[in-house]
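Novice: Shown below is the structure under consideration.
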Amino acid sequence: AQKVTQAQTEISVVEKEDVTLDCVYETRDTTYYLFWYKQPPSGELVFLIRRNSFDEQNEISGRYSWNFQKSTSSFNFTITASQVVDSAVYFCALSEAWGDYKLSFGAGTTVTVRA
Amino acid sequence: KAGVTQTPRYLIKTRGQQVTLSCSPISGHRSVSWYQQTPGQGLQFLFEYFSETQRNKGNFPGRFSGRQFSNSRSEMNVSTLELGDSALYLCASREQGADTQYFGPGTRLTVL
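The following block contains the structure:
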């Protein structure tokens, strides 16, 4: 069974600080996908980033960056120079690569960015 | 392209009633999945439909059912509502062969 753990329940920062969200996952699959989604108060889950299990290259996209380490089953996500609009619940999710696309979500981390 | 749309956005029902939620995927997306979000259980997968066929089902009772139409629009039905069915129901669509799911705004169901 797949399992995603987000140990941080809430994070509060002041605007312009960096925020790093931790995600640890468990899966018996050798090929899988990892995602980060953002859920603002409106409720819609907004897709942020995706990484497949056979590509451990870490990337930066604007103010977002991620650190995928297969050896420790971690997929951490960083928001650089946070803004008030980044306040939301962030979910890490995992899916198999072949045939079964259902997402297994972590419990979410609530990020509050104060002006 | 327009995003995933869900109707209605809010619903209030009483125990024992049934409810139907609707989801229109992104144009060209043939896969539609449904998820339930509650404070206690978090986000849980309900089922996925592709080309009018249910491909995958989560661990929910038979009161939860769904279907997909030839235009890829999907409906989810919950019969004999219970208080515990109060939740945000999210629909997601996916392009064939792709792995990223895009979510709609959700339908917030309250069961009294």
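Protein sequence lines correspond, in order, to chains V and L. Counting from 1056, one number per residue, gives the positions in the first sequence under this note's numbering. Counting from 54, one number per residue, gives the positions in the second sequence under this note's numbering. The C-beta atom is built at its ideal place from N, Cα and C for all residues, glycine as well.
1) Write down every uninterrupted run of the beta strand (DSSP E) in the segment 1056-1109 of chain V whose length is 3 residues or greater and which is fully enclosed by it, in chain order.
2) For residue 145 (chain L), is the classification buried or exposed, using 16 other Cβ atoms within 10 angstroms of its Cβ as the cut-off for buried?
3) Please say whether residue 1073 (chain V) and residue 1133 (chain V) have beta carbons closer to each other than 9 Å?
4) Here's the rule I'm using: 16 or more other beta-carbon atoms within 10 Å means buried, otherwise exposed. How should residue 1109 (chain V) be labelled?
5) Count the other C-beta atoms from every protein chain shown that fall within 10 angstroms of the C-beta of residue 1114 (chain V), then say buried if there are 16 or more, exposed otherwise.
6) Is residue 85 (chain L) helix, strand or coil when you go by DSSP?
7) If you compare alpha carbons, which of V:1145, V:1098 and V:1058 is closest to residue 1065 (chain V)?
8) Using a Cβ-Cβ cut-off of 8 Å (strictly less than) and excluding sequence neighbours within five positions of residue 155 (chain L), which residues of its own chain qualify?
9) Measure the alpha-carbon distance for residue 117 (chain L) versus residue 60 (chain L) and round it to whole angstroms.
10) So residue 1077 (chain V) and residue 1061 (chain V) are supposed to be a Cβ contact under 8 Å. How far apart are they, rounded?
11) For residue 104 (chain L), which three-state DSSP category applies?
12) When we look at the beta-carbon of residue 160 (chain L) and count the other beta-carbons within 10 Å, is it buried (16 or more) or exposed?
13) Expressed to the nearest angstrom, what Euclidean distance is found between the alpha-carbon atoms of residue 152 (chain L) and residue 1102 (chain V)?
14) Taking 8 Å as the cut-off, is the C-beta of residue 138 (chain L) nearer than that to any heavy atom in the ligand MN?
15) In this structure, does DSSP put residue 56 (chain L) in helix, strand or coil?
16) Quick one: is residue 1148 (chain V) near chain L, going by C-beta distance under 9 Å?
17) Write down the C-beta distance between residue 1089 (chain V) and residue 1158 (chain V) rounded to the nearest angstrom, noting that I regard them as a contact closer than 8 Å.
18) Show which residues of chain L have a CB atom less than 7 Å away from the CB atom of residue 1155 (chain V).
19) Find out if the Cβ-Cβ distance for the pair residue 1123 (chain V), residue 1129 (chain V) is shorter than 9 Å.
20) Kindly give me the distance between the Cβ atoms of residue 110 (chain L) and residue 100 (chain L), rounded to whole angstroms, as I take these residues to be in contact under 8 Å.
21) Identify every residue that forms a DSSP beta bridge with residue 99 (chain L).
22) So what's residue 110 (chain L) in DSSP terms, helix, strand or just coil?
23) Should residue 1143 (chain V) be labelled buried (16 or more other beta-carbon atoms within 10 Å of its own) or exposed?
Specialist: Result, derived from the coordinates:
1) 1058-1060, 1065-1069, 1074-1076, 1079-1081, 1087-1094 and 1101-1107
2) Counting from one through the second sequence, the residue named residue 145 (chain L) turns up at place 92. Label assigned to residue 145 (chain L): buried.
3) On the first sequence, residue 1133 (chain V) is found 78 positions in, with the first residue counted as 1. On the first sequence, residue 1073 (chain V) is found 18 positions in, with the first residue counted as 1. The answer is yes: Cβ separation under 9 Å.
4) Counting from 1 along the first sequence, the entry for residue 1109 (chain V) is found at position 54. Exposed.
5) Sequence index remark: in the first sequence, residue 1114 (chain V) carries index 59 (1-based). Residue 1114 (chain V) should be labelled exposed.
6) Taking the first residue of the second sequence as position 1, residue 85 (chain L) is located at position 32. Strand at residue 85 (chain L).
7) The residue labelled residue 1065 (chain V) in the question sits at position 10 within the first sequence. Nearest C-alpha to residue 1065 (chain V): V:1145.
8) Within the second sequence, the letter at position 102 stands for residue 155 (chain L). Correct list, in chain order: 56, 57, 79, 82, 145, 146 and 147.
9) Stepping through the second sequence from its first residue, residue 117 (chain L) is reached at position 64. Stepping through the second sequence from its first residue, residue 60 (chain L) is reached at position 7. Residue 117 (chain L) and residue 60 (chain L): Cα-Cα distance of roughly 17 Å.
10) On the first sequence, position 22 is the one that residue 1077 (chain V) refers to. On the first sequence, position 6 is the one that residue 1061 (chain V) refers to. Contact holds; Cβ gap of about 7 Å.
11) Reading the second sequence from its first residue, position 51 is the one you call residue 104 (chain L). In this structure, residue 104 (chain L) counts as coil in the three-state DSSP scheme.
12) Taking the first residue of the second sequence as 1, we reach residue 160 (chain L) at position 107. Residue 160 (chain L) comes out buried.
13) By 1-based counting over the second sequence, the position of residue 152 (chain L) is 99. By 1-based counting over the first sequence, the position of residue 1102 (chain V) is 47. Roughly 12 Å separates the two Cα atoms.
14) Only the bare structure without any ligand can be found here, which leaves the ligand MN out of the picture.
15) In the second sequence, the residue the question calls residue 56 (chain L) occupies position 3. Three-state DSSP puts residue 56 (chain L) in coil, outside helix and strand.
16) For the purposes of this step, residue 1148 (chain V) is identified with residue 93 of the first sequence, where counting begins at 1. It does; some Cβ of chain L falls within 9 Å.
17) Taking the first residue of the first sequence as position 1, residue 1089 (chain V) is located at position 34. Taking the first residue of the first sequence as position 1, residue 1158 (chain V) is located at position 103. With a Cβ gap of about 10 Å, residue 1089 (chain V) and residue 1158 (chain V) do not count as contacting.
18) Here residue 1155 (chain V) is taken as the residue at index 100 of the first sequence, counted from 1. 109, listed in chain order.
19) Against the first sequence, residue 1123 (chain V) aligns to sequence position 68. Against the first sequence, residue 1129 (chain V) aligns to sequence position 74. Result yes, Cβ atoms of residue 1123 (chain V) and residue 1129 (chain V) sit closer than 9 Å.
20) As a first step, residue 110 (chain L) must be located in the second sequence, where it is residue number 57. As a first step, residue 100 (chain L) must be located in the second sequence, where it is residue number 47. Contact holds; Cβ gap of about 5 Å.
21) Within the second sequence, residue 99 (chain L) is the residue found at index 46, counting from 1. DSSP, once it has assigned bridges, lists no residue as partnering residue 99 (chain L).
22) Within the second sequence, the letter at position 57 stands for residue 110 (chain L). Strand.
23) Within the first sequence, numbered from 1, the residue matching residue 1143 (chain V) stands at position 88. Burial call: buried.
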